[in-house]
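Peer 1:
Residue numbers (this note's numbering): 909 to 2004.
#1: Suppose contacts are defined by Cβ-Cβ distances below 7 angstroms. Is residue 1614 in contact with residue 1580 by that definition?
#2: If you follow the beta strand (DSSP E) that residue 1158 is in, where does it begin and where does it stop?
#3: I'd like to know if the stretch 1194-1208 and the stretch 1275-1288 are in contact, where contact means that at least 3 CB-CB pairs between them fall below 8 angstroms.
#4: Closest to residue 1480 by CA distance: which of 1712, 1434, 1402 is it?
#5: In the DSSP assignment, the alpha helix (DSSP H) including residue 1430 goes from what residue to what residue?
#6: Three or more C-beta pairs closer than 8 angstroms, one from the stretch 1837-1847 and one from the stretch 1767-1784: is that the case here?
#7: Apart from the five residues on each side of it in sequence, which residues of its chain come closer than 8 angstroms, Cβ to Cβ, to residue 1881?
#8: Note the first and the last residue of the continuous beta strand (DSSP E) segment covering residue 1339.
#9: Sorted by chain position, which residues of the same chain lie with C-beta nearer than 7 angstroms to residue 1876's C-beta, five sequence neighbours on each side aside?
#10: Would residue 1235 pass as a contact of residue 1558 if the rule is Cβ separation under 7 angstroms?
#11: Comparing alpha-carbon positions, which option in 1658, 1707, 1728, 968 lies nearest residue 1683?
#12: Within this structure, are the beta carbons of residue 1012 and residue 1630 separated by less than 7 angstroms?
#13: What span of residues does the alpha helix (DSSP H) with residue 1900 cover, start to end?
#14: Taking residue 1230 as the reference, which of 1271, 1262, 984, 1691 has the closest Cα?
#15: Give me the residue from 1192, 1503, 1926, 1194 with the minimum Cα distance to residue 1767.
#16: Report the three-state DSSP secondary structure of residue 1540 (helix, strand or coil).
#17: Can you tell me whether residue 1256 is helix, strand or coil according to DSSP?
#18: Indicate the three-state DSSP secondary structure (helix, strand or coil) for residue 1720 in the structure shown.
#19: Go ahead and label residue 2002 buried or exposed: buried means 16 or more other beta carbons lie within 10 angstroms of its beta carbon, across all protein chains shown.
#20: Straight-line CA distance for residue 1010 to residue 1053?
#21: Under the three-state reduction of DSSP, which class applies to residue 924: helix, strand or coil?
#22: For the beta strand (DSSP E) holding residue 1035, just list the boundary residues, first then last.
#23: Starting from residue 1235, follow its DSSP beta bridges and name the residues at the other end.
#24: To which residues of the same chain is residue 1406 closer than 6 angstroms at the C-beta, ignoring the five residues directly before and after it?
#25: Check for me: the beta strand (DSSP E) holding residue 1419 runs from which residue to which?
#26: Out of 1267, 1264, 1664, 1241, which one is the CA nearest neighbour of residue 1257?
#27: Quick check on this structure: which residue in 1505, 1948, 1371 has the alpha carbon closest to the alpha carbon of residue 857?
#28: Do the stretch 1893-1910 and the stretch 1976-1987 touch if we need at least three Cβ pairs shorter than 8 angstroms?
#29: For residue 975, name the three-state secondary structure that DSSP assigns.
#30: Which word fits residue 1573, buried or exposed, when buried means at least 16 other C-beta atoms lie within 10 angstroms of its C-beta?
#31: Could you check the C-alpha separation between residue 1582 and residue 1716 for me, to the nearest Å?
#32: Just grab the DSSP bridge partners of residue 1781 for me.
#33: Note down the Cα distance separating residue 1343 from residue 1349, rounded to an integer number of angstroms.
#34: Helix, strand or coil for residue 1511? Go by DSSP, reduced to three states.
#35: Our contact map puts residue 1898 next to residue 1980 with C-beta atoms below 8 angstroms; I'd like the distance itself, whole angstroms only.
#36: Given this structure, state the Cα-to-Cα distance separating residue 1375 from residue 1418, to the nearest angstrom.
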């Protein structure tokens, strides 16, 4: 850490808020005694930051190769490898280097057993093997890569970031079991004046109860830095001084040498042209930019520092009362040769975004922004308006130095401009235009806007008049295409449908446009119909669309003048919001909704949208906001309040406090089910400390088993997400400080064991020969038994105290990613089994299981006899995790194999197996009933969530007939393709052997099964808003198959709220018949079994 900024102040506030009474943690007490050893501590006392902050640069001559699969044989070649900041360069000569990999793309940096002194770099779509010259060089590169991407196996970095000559150094001998308060007293430091920073990490000791043994490695040198706390300063309020903020840019250092953009979920880097730049300064509240000003252009030079002109820039019209959601955002653009001048129009579409940063206008203690600021510059993919902001500047990172002055300067160089939405825009967004070139046709993205003057603007071109225009749905142009998922696997794809409509402008001009969802097409047609003058508006007789709006829109105000009674329009809008929870309101629609807020039905689904209809900048609005919140109906399910903690309302602290007040009534079981969503909501808090985080920590401390362990791992996984690392490292350390020493030791043992298992699984994937895998695995497992003797613990099976791995029963599973099966002996002499995965995003499994559990809860509340089998699943990183094995369950592939190669084609196979497992007549009858209930739940749940890759090794059944699915690596419509053939051709899995077990088509049991599916389907349709809320809040997790709203539209389309309950039941019954009549799934299962048979 080079410049600490506001980090110490925020961490001190967080630890202060997380001080809870001591809890009874006797069950987590370890039998091992603390180590009575000493460690050497270098303590730097410094008040000023060093003057140098150069980015990391290192060049080596190495052997390397790249493969798309780990099991492929590497053919090493001599190359030069160089690290520059966060980008790896490679070339045959130091003067011929090419940009290669951005470090944020690395999911793991691990030692490899393939070559001496080698490292394996893992990205979502390739494996890079690097062989270094010697052990020293290997250690150096491992440290360099972890410093650029501090998310490898260990959370601590060993690189020193301070020069010993900068500040006086004190050497002392401290005992590991001493508390930080005792250590500081021994060194003569006042805990109220200093915080201790562990160099090379994001760890701070501002909690006096923390002990040295939590971070120090016995026998190794530990470097600490004492950081002076920021003393609170009395700052005048804005009302007493001015309503303007003056900013002076002093210096820009180490700006990125590459351009970074997010494309198809991957972070793509490209060379940056040495050209002129400018800094745009904006005042923003949430996603709304209040005013902005651009700096004078300056030339980027190869030097590491760029001094800027002594010019003050003024941001005007700041509200009298500021909230912690107001931010100063600075964005650096490359101008690509342009030189903008005052009052001259500039084509900003040619500007290239290089980086961005920001800070809140208020500190965590409520003071105004201090005078001098050092802000670390994040890459262009960061969200400085609502996401986490950098605290201080880490070593080697680009940064900007600026000064802030809260008073009027009449000689300022340039003042800001207020930003307003255009009063004529009714709707704007992306549409797709059908273009034909010869025999080829394609959809081309266009930015379109509809104005209240009856015009359509496409890509800022000349407006197209809509007078006498005719609209029609054009299903003959509606087409479906496939796109690969963001995971990098070309075999995993999703179908995207473009829904077409036509605008016949005149006899010579006709536009064919399309949108990605059916609901969006209806909204665009509705808005276009509204924009067409009423005297000439006619719908095409070829295929009519029912539209009602015929008046013009205005901007958001309380005195909207409408040409007609908007009651019909309002009813259409309410109906649209009811059937489409992802429906996005245009500014005109927000106007209508807000003007008639007093007569709206008090359905909870309307509340989040209503709160976005006003800017709430005036202090007098606070009382009205509280009245609206208090007078609204409660939702059907208490967890629906989570939507109020999302990004769209992150700037309204009153709303967030209201949501937390309502969520506080949740019991621990329900809270544990929505914990992943609550952790994602922490990203939208303005500071590292917040009421949401402290409430979660307090509840976790009160229930360490059910909430403490899941919270720790949820926070730990988020430290791997770019731009969120610092915030969640701080949150994780605050929770560890509050959880108590026994819990800390257990969690650190879990973390260390999972890191070793991750390394072990990766090594198993690297070995080409599969014959000796189990032998090598058991040798490594035996070593882990010795290493973790007396402290073995895993995130799952929390109620069991583990003793050791049963070495003889551990094995490598036959799967492309080679997960490992681990059997563990407990203190009660029982055995439990888990599967550790590396290379898969287990977070998708966690989310799918979470939604399955919620569905079962909803069905139970509706008194529907449906059973669902869920199991423990914890992600230990974005690409690894541990999964609980359900006892007494086998895969349907194993059941099929009992009938030979053609077992999947035998209709009586499931019935025979159940009869074998349940020979008694009563047991067999109960097993058939359990199969009926669980099969109904599995069919409905997998259809709604769009679970893919449903071969018979991903479906299991217990001996008592409980049928359930596993391995949810593909969901929301993403499917496996092999040789361009889609493997999942049916909406869900329902085959003839399943129907035979239910008594055959037309039997009483089969008929009751179909009816039960219809009832379960209709029950989920009543809770569509809750299901989509849980998915929407997980979008910031950046999972490969949950990237945007379009992925979630699979659930909206699957539940089909435009149908009546009777129609929905009939539609699902038709899907059951379609699945039953399609032979491909049984053929696919047969081929799958045959392939695995040939591999053995």
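Yeah, the Cβ is synthetic: ideal placement off N, Cα and C, and Gly gets one too.
Model, not experiment: these values are computed from the prediction.
Peer 2: So, from the data block:
#1: Their beta carbons are under 7 angstroms apart, which means residue 1614 touches residue 1580 by this criterion.
#2: Secondary structure note for residue 1158: its beta strand (DSSP E) is the uninterrupted segment 1153-1161.
#3: Judged by Cβ distances under 8 angstroms, the stretch 1194-1208 makes no contact with the stretch 1275-1288, as fewer than three pairs qualify.
#4: Just measuring C-alpha positions, the residue of 1712, 1434, 1402 sitting nearest residue 1480 is 1434.
#5: Where residue 1430 is concerned, the enclosing alpha helix (DSSP H) stretches over 1426-1439.
#6: Contact holds: three or more Cβ-Cβ distances are below 8 angstroms.
#7: So the list reads 1402, 1403, 1854, 1856, 1955, 1958, once near-sequence residues are dropped.
#8: It spans 1333-1345 - the beta strand (DSSP E) in which residue 1339 sits, taken as one unbroken run.
#9: In chain order, 1752, 1753, 1756, 1855 place their CB closer than 7 angstroms to the CB of residue 1876, counting only its own chain and leaving out the 5 sequence neighbours on each side.
#10: One thing to note: residue 1235 has its Cβ no nearer than 7 angstroms to the Cβ of residue 1558.
#11: Nearest option by C-alpha distance: 1728.
#12: Result yes, Cβ atoms of residue 1012 and residue 1630 sit closer than 7 angstroms.
#13: Residues 1900-1905.
#14: Measuring from the Cα of residue 1230, the nearest candidate turns out to be 1271.
#15: Residue 1926 is the option with its Cα nearest to residue 1767.
#16: In the structure shown, residue 1540 sits in coil (DSSP, three-state: anything other than H, G, I, E or B).
#17: Reduced to three states, the DSSP call for residue 1256 is helix.
#18: It is a strand residue.
#19: Around the beta carbon of residue 2002, fewer than 16 other beta carbons lie within 10 angstroms, which makes this residue exposed.
#20: Distance from the CA of residue 1010 to the CA of residue 1053, rounded to the nearest whole angstrom, comes to 11 angstroms.
#21: Three-state DSSP puts residue 924 in a helix.
#22: For residue 1035, the enclosing beta strand (DSSP E) starts and ends at 1035-1039.
#23: Beta-bridge pairing links residue 1235 to 1192, 1268.
#24: Result list for residue 1406: 1340, 1351, 1387, 1422, in chain order.
#25: Run containing residue 1419: 1418-1423, per the beta strand (DSSP E) assignment.
#26: Looking at the Cα atoms, 1241 is the closest of the given residues.
#27: Because the chain in this structure spans residues 909 to 2004, residue 857 falls outside the shown range and cannot be described.
#28: The stretch 1893-1910, when compared against the stretch 1976-1987, does touch it at the 8 angstroms Cβ threshold.
#29: Looking at residue 975 - three-state DSSP - the assignment turns out to be strand.
#30: With fewer than 16 other Cβ atoms within 10 Å, it is exposed.
#31: One C-alpha to the other measures close to 38 angstroms.
#32: Per DSSP, 1791.
#33: Distance between the alpha carbons of residue 1343 and residue 1349 is about 6 angstroms.
#34: Three-state result, residue 1511: coil.
#35: Confirmed, Cβ separation roughly 6 angstroms.
#36: Taking the straight line from one Cα to the other gives about 13 angstroms.
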